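Each remark here refers to the structure printed beneath this line.
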Amino acid sequence: MDESSKAKRSLNGLSLKATEKQKLEEKVINKKEWKRARRVSLDEQRDDGGDKQGELNALELCLHATVLGENVPVEVVKAKAAIMWKVEKKVDIQSIGNGFFFITFESKDDYNLVLDKGPWLVNERYLVFMKWKLGFNPLKACIEEANVWVRLLPHLPLEFSTKKHLSHVLRDVGEVVKLDENTEKYPTLFPRVCVTINLTKQLVLEIPITAGGRDSTINVMYENLDDELCIGCGYVGHKPYNCPDIILDEG
Numbered sequence: 001m002d003e004s005s006k007a008k009r010s011l012n013g014l015s016l017k018a019t020e021k022q023k024l025e026e027k028v029i030n031k032k033e034w035k036r037a038r039r040v041s042l043d044e045q046r047d048d049g050g051d052k053q054g055e056l057n058a059l060e061l062c063l064h065a066t067v068l069g070e071n072v073p074v075e076v077v078k079a080k081a082a083i084m085w086k087v088e089k090k091v092d093i094q095s096i097g098n099g100f101f102f103i104t105f106e107s108k109d110d111y112n113l114v115l116d117k118g119p120w121l122v123n124e125r126y127l128v129f130m131k132w133k134l135g136f137n138p139l140k141a142c143i144e145e146a147n148v149w150v151r152l153l154p155h156l157p158l159e160f161s162t163k164k165h166l167s168h169v170l171r172d173v174g175e176v177v178k179l180d181e182n183t184e185k186y187p188t189l190f191p192r193v194c195v196t197i198n199l200t201k202q203l204v205l206e207i208p209i210t211a212g213g214r215d216s217t218i219n220v221m222y223e224n225l226d227d228e229l230c231i232g233c234g235y236v237g238h239k240p241y242n243c244p245d246i247i248l249d250e251g
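Its first residue numbered 1, the sequence shown is counted upward by one per residue in the UniProt record's numbering.
Spelled out as structure tokens, the structure:
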């Protein structure tokens, strides 16, 4: 048999195998011969006796977390946490996909310390926590709130640097969580405040105020949000060069 005949026979064989494979696939797909599983109710499993309360109590020492605006490897988060968190007992951090982590604490004191001493930064970005809840799905989860540091510029009257007054001034920015150590101890013209902001809404960049019968404007500077906050529209998640509002205005 010459080389031409051998090549032709080989091609015919490949064509036959491909045709047989296609027919087999069509047979399986068309006839739906795969076994169908019965619907499973996870709600029944949640209510299925056992030490349910004990399991729920253990999960109360768990947090979901993600790094705002960046998909960071779990090894980096673990390394940063080991340096930042001065905990007494073991803390376990696992990646659960889509940039989210599942953090388990052995101690209630350690759990509270991590929540209270933040905000924490990983790669100069906020590590955002969410308390554990039933049915959390990292593929569908949406980060709606974050605790961030803001500083008020150019200056606020000294008598308004208390938490009570700053909560009033920042009422449209977010809920005041705490003041930084220096702002807490000493009156300052440039207070630094931790607030809970809504990431799905437009952020406040300026606050008009009236003091002593004079009108002025206070600028709100959001720390460590430079890569996420658009100064064109005040939303988190993009920069001015690809801001949809600016593009529409120019169009």
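Using N, Cα and C, we set each Cβ at its ideal position, and we do this for glycine too. Predicted, not measured: the structure shown is a model, and the values here were computed from it.
Rounded straight-line distance, which links the Cα of residue j to that of residue i
i: Asp180; j: Val220; result: 16 Å
i: Cys243; j: Val173; result: 21 Å
i: Ala7; j: Trp34; result: Summary for Ala7: the model assigns pLDDT 49, below 50, so the residue's position carries little reliability; its value from the coordinates is reported in the next sentence. Each residue's Cα considered, the two are about 38 Å apart.
i: Met212; j: Phe101; result: Rather than Met, the amino acid found at residue 212 in this sequence is Gly. Those two C-alpha atoms are separated by around 49 Å.
i: Asp245; j: Val128; result: 27 Å
i: Ala37; j: Val114; result: 43 Å
i: Ile197; j: Glu175; result: 7 Å
i: Ile103; j: Ala81; result: 11 Å
i: Phe160; j: Thr183; result: 11 Å
i: Pro208; j: Thr217; result: 4 Å
i: Arg214; j: His168; result: 18 Å
i: Leu95; j: Asn137; result: It is worth fixing the name first, because residue 95 is Ser in this sequence and not Leu. The straight-line gap from Cα to Cα measures roughly 13 Å.
i: Gly237; j: Thr210; result: 32 Å
i: Asp116; j: Pro240; result: 33 Å
i: Leu199; j: Lys140; result: 16 Å
i: Met130; j: Thr162; result: 28 Å
i: Val67; j: Gly99; result: 7 Å
i: Val195; j: Gly234; result: 16 Å
i: Asp92; j: Phe105; result: 7 Å
i: Val77; j: Lys164; result: 35 Å
i: Lys133; j: Leu166; result: 32 Å
i: Cys62; j: Tyr126; result: 19 Å
i: Glu223; j: Leu59; result: 32 Å
i: residue 267; j: Val177; result: Residue coverage of the chain in this structure runs from 1 to 251, which leaves residue 267 outside it and unanswerable.
i: Gly232; j: Asp109; result: 42 Å
i: Arg171; j: Leu203; result: 12 Å
i: Cys230; j: Lys201; result: 12 Å
i: Arg151; j: Glu228; result: 17 Å
i: Cys142; j: His64; result: 12 Å
i: Asp226; j: Val193; result: 17 Å
Beta bridge counterpart(s) of residue i as assigned by DSSP
i: Asn219; result: Leu153 and Glu206
i: Ile246; result: None, per the DSSP bridge assignment.
i: Arg214; result: Ala211
i: Lys178; result: Cys194
i: Gly237; result: Answer by DSSP bridge pairing: none, since Gly237 is not bridged.
i: Ala65; result: Phe101 and Phe129
i: Ser95; result: Phe101
i: Leu229; result: Val236
Exposure of residue i, with buried meaning 16 or more beta-carbon neighbours within 10 Å
i: Leu42; result: exposed
i: Val40; result: exposed
i: Ala79; result: exposed
i: Leu11; result: A caution first: Leu11 carries a pLDDT of 49, below 50, which makes its placement in the model too unreliable to give a value.
i: Gly118; result: buried
is_contact[residue i, chain C] using C-beta, thresh 8 Å
i: Ile218; result: Checking the listed chains, one finds no chain C in this structure; it contains a single protein chain.
With a cut-off of 8 Å, do at least 3 Cβ pairs link the region 154 to 168 to the region 187 to 203? They touch, by the three-pair rule.
May I ask you to verify whether the region 115 to 129 touches the region 70 to 88, counting CB pairs closer than 8 Å and requiring at least 3? Per the Cβ contact rule, the region 115 to 129 is in contact with the region 70 to 88 (3 or more Cβ pairs under 8 Å).
Kindly provide the ranges of any beta strand (DSSP E) runs that are 3 or more residues long and lie completely inside the region 106 to 156, ordered along the chain. Fully enclosed beta strand (DSSP E) runs of 3 or longer: 120 to 122, 125 to 131 and 145 to 153.
Specify whether the region 135 to 154 and the region 77 to 94 touch according to this definition: at least 3 beta carbon pairs, one from each stretch, less than 8 Å apart. Put simply, the region 135 to 154 does not touch the region 77 to 94. Fewer than three CB pairs are less than 8 Å apart.
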